[in-house]
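K.L.:
Got a structure for you, questions after.
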Ligand code: SF4
Ligand code: SF4
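In this note's numbering, the protein residues as written are 349 to 575.
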């Protein structure tokens, strides 16, 4: 079949898309996501930059999880227009585990940063995974995003020095130091990651403060819930 049209997703801010042939993915990914072998393509959908947040705000959904609910509705409408009647499964957002960063690496979206969030040359660290869809159809797979990790040529690594918990100085990211610092009442990282905001790559795509706060409030709530 011919390529599918992602314009409606682009307009909604779901402007990162990658199509994989499930047969080309690692066996453990197939076994986890499609154990019955019912589907032929995996479509990874993400957002880069500020557009999605603007669309979600405009939609004013009465939801405690407006980004996921907006994504579900937008992807469902797009899918029914592009692949009407095709069997499909939305595996993310969902309850089962999905290796989003592993898929992001395969798509060329994710390169490791010292602060654990992924980075790429097109969007800096200002992108995220929004949906993973399996379809029983054969749209052509897409090429991986090109470009080296911006961290490779980063002079001085300002993110490392900016972390107030010194969580990035060791050979590996210290999640324990990061969490302990974030939980402090006077922490500068309760609703942001100071290190991430100091990264100089693609500042034009940086989320606005409300979007950053929304994201980090959710992660802090999870930290508080699980101790
Ligand atoms: S500041 Fe440099 S090392 Fe840190 S994430 Fe950005 S590009 Fe990578
Ligand atoms: S959230 Fe704060 S403590 Fe954690 S890595 Fe980012 S800057 Fe460091």
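Note that the Cβ used here is the ideal one computed from N, Cα and C, for glycine as well.
1) Taking 8 Å as the cut-off, does the stretch 387-402 touch the stretch 480-491 (at least 3 CB pairs, one atom from each stretch)?
2) Counting along the chain, where does the beta strand (DSSP E) carrying residue 362 start and finish?
3) Any heavy atom of ligand 2 within a distance shorter than 7 Å of the CB on residue 542?
4) Check whether the Cβ of residue 505 sits closer than 7 Å to any heavy atom of ligand 1, and report yes or no.
5) Would you call the stretch 513-524 in contact with the stretch 433-441, where contact means no fewer than 3 C-beta pairs closer than 8 Å?
6) For residue 389, report the span of its beta strand (DSSP E) as first-last.
7) If you measure from the CB of residue 502, is any heavy atom of ligand 4 nearer than 7 Å?
8) Based on the DSSP secondary-structure assignment, which residues constitute the bridge partners of residue 369?
9) Which residue wins for smallest C-alpha separation from residue 400, given the options 458, 448 and 475?
10) My guess is that residue 521 and residue 463 are in contact by the Cβ rule of under 8 Å, so how many angstroms apart are they, rounded?
11) Express the C-alpha separation of residue 394 and residue 477 in angstroms, rounding to a whole number.
12) Measuring only from the beta carbon, is residue 526 closer than 7 Å to any heavy atom that is part of ligand 1?
P.N.:
Concretely, from the data shown:
1) yes
2) In the chain shown, counting from the first residue as 1, residue 362 sits at position 14. Residue 362 -> no beta strand (DSSP E), and no H or E assigned at all.
3) Position 194 of the chain shown, counting from 1, holds the residue named residue 542. Checking the Cβ of residue 542 against ligand 2 gives yes.
4) The residue given as residue 505 occupies position 157 in the chain shown. Answer for residue 505: yes, Cβ within range of ligand 1.
5) no
6) In the chain shown, residue 389 corresponds to position 41, counting from 1. It spans 389-396 - the beta strand (DSSP E) in which residue 389 sits, taken as one unbroken run.
7) Ligand 4 is absent from the structure shown, which contains only ligand 1 and ligand 2.
8) In the chain shown, counting from the first residue as 1, residue 369 sits at position 21. BP columns for residue 369 point to 389.
9) The residue labelled residue 400 in the question sits at position 52 within the chain shown. If we check each option's Cα against that of residue 400, 475 comes out closest.
10) In the chain shown, residue 521 corresponds to position 173, counting from 1. In the chain shown, residue 463 corresponds to position 115, counting from 1. With 8 Å as the limit, residue 521 and residue 463 qualify as a contact, their Cβ atoms being about 7 Å apart.
11) In the chain shown, counting from the first residue as 1, residue 477 sits at position 129. In the chain shown, counting from the first residue as 1, residue 394 sits at position 46. Distance between the alpha carbons of residue 477 and residue 394 is about 4 Å.
12) Sequence index remark: in the chain shown, residue 526 carries index 178 (1-based). Checking every heavy atom of ligand 1 against the Cβ of residue 526, none is found closer than 7 Å.
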